[in-house]
Amino acid sequence: MDELKLVIAQAFKARAKAKLTRAELAFALSLDLRWFSPDESKSVIDAGLKTGLLTEEDGRITPAFDYKAIDVPPGFRPGKDLFRKPLLERIEILLVNSGIEAASVRGLIEKKEAELCHLVTPEVAGLVIARERGLDITDLIDEVLGQLKRG
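Numbering of the sequence shown is given in the working numbering, commencing with residue 1 and proceeding in unit increments.
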């Protein structure tokens, strides 16, 4: 299950309310659960809104899912990589930093996927491009392999 969803579910369970203000939700995440700093709590809320796990109306935030039905494992704590950028985005950043125009990176990845008969994921195609450009991708290979095994 998505770690962010578990975090949100537990925060609403901790407060025992279906609607919270931003301040109440941040308080639950930082002080009640002691999982995040106040600034990180704001980032969790923003991520929840951005991904559609949370909705905001009239200054109140509600989960877009039945948080009571989520079984949060005993002793659960969110990992340090909760705010880590998605793998494909990190690969795109690597390519941009190598001198490829930001606007053309996605197109190059799609072109490489097509060259490989769409037998690879965008992440693999991005790594192939990076390798062809002589970039060091060793720190990303294991992550891509893990993603392929899970997917």
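Where is the CB? At the ideal position from N, CA and C, for every residue including glycine.
Kindly indicate which residue of the options has the alpha-carbon position closest to the one of residue i.
{"i": "D2", "options": "L95, L135 and F83", "result": "F83"}
{"i": "S41", "options": "A18, L49, L33 and A26", "result": "A26"}
{"i": "G79", "options": "R90, L140, V44 and L94", "result": "V44"}
{"i": "E92", "options": "A125, A18, L20 and R60", "result": "A125"}
{"i": "F76", "options": "D58, L33 and E143", "result": "L33"}
{"i": "G48", "options": "G146, I109 and V7", "result": "V7"}
{"i": "I216", "options": "R15, P38 and C117", "result": "Because the chain spans 1 through 151 in this model, residue 216 falls outside it and cannot be assessed."}
{"i": "L20", "options": "E57, D39 and W35", "result": "E57"}
{"i": "R133", "options": "E143, K149, L108 and L145", "result": "L108"}
{"i": "W35", "options": "D81, E110 and T55", "result": "D81"}
Please tell me whether residue i and residue j are closer than 9 Å, where the distance is taken between their beta carbons.
{"i": "S158", "j": "L135", "result": "Beyond the ends of the chain as shown, which are 1 and 151, falls residue 158; an answer cannot be given."}
{"i": "L87", "j": "L53", "result": "no"}
{"i": "A9", "j": "P74", "result": "no"}
{"i": "V128", "j": "K112", "result": "yes"}
{"i": "E24", "j": "K13", "result": "no"}
{"i": "R22", "j": "G59", "result": "yes"}
Would you call residue i buried or exposed, if buried means 16 or more other Cβ atoms sit within 10 Å of its Cβ?
{"i": "Y89", "result": "Residue identity differs from the one stated: residue 89 is Glu in this sequence, not Tyr. Under this definition E89 is an exposed residue."}
{"i": "I141", "result": "exposed"}
{"i": "A28", "result": "buried"}
{"i": "E123", "result": "buried"}
{"i": "S37", "result": "exposed"}
{"i": "L119", "result": "exposed"}
{"i": "A130", "result": "buried"}
{"i": "A11", "result": "buried"}
{"i": "L94", "result": "buried"}
Compute every distance between the C-beta of residue i and the non-hydrogen atoms of the ligand COA, then say whether any falls below 8 Å.
{"i": "K17", "result": "Here there are no bound small molecules, and the ligand COA is not part of this structure."}
Using beta carbons (cut-off 9 Å, strictly below), is residue i in contact with chain C?
{"i": "K13", "result": "Absent from the structure is chain C; it holds one protein chain and no more."}
Just to confirm the assignment: which complete alpha helix (DSSP H) runs, minimum length 4, are found wholly within the stretch 3-73? Runs found: 3-15, 22-27 and 38-51.
Alpha helix (DSSP H) segments (min. 4 residues) lying fully within the stretch 107-133: Here the runs fully enclosed are 122-132.
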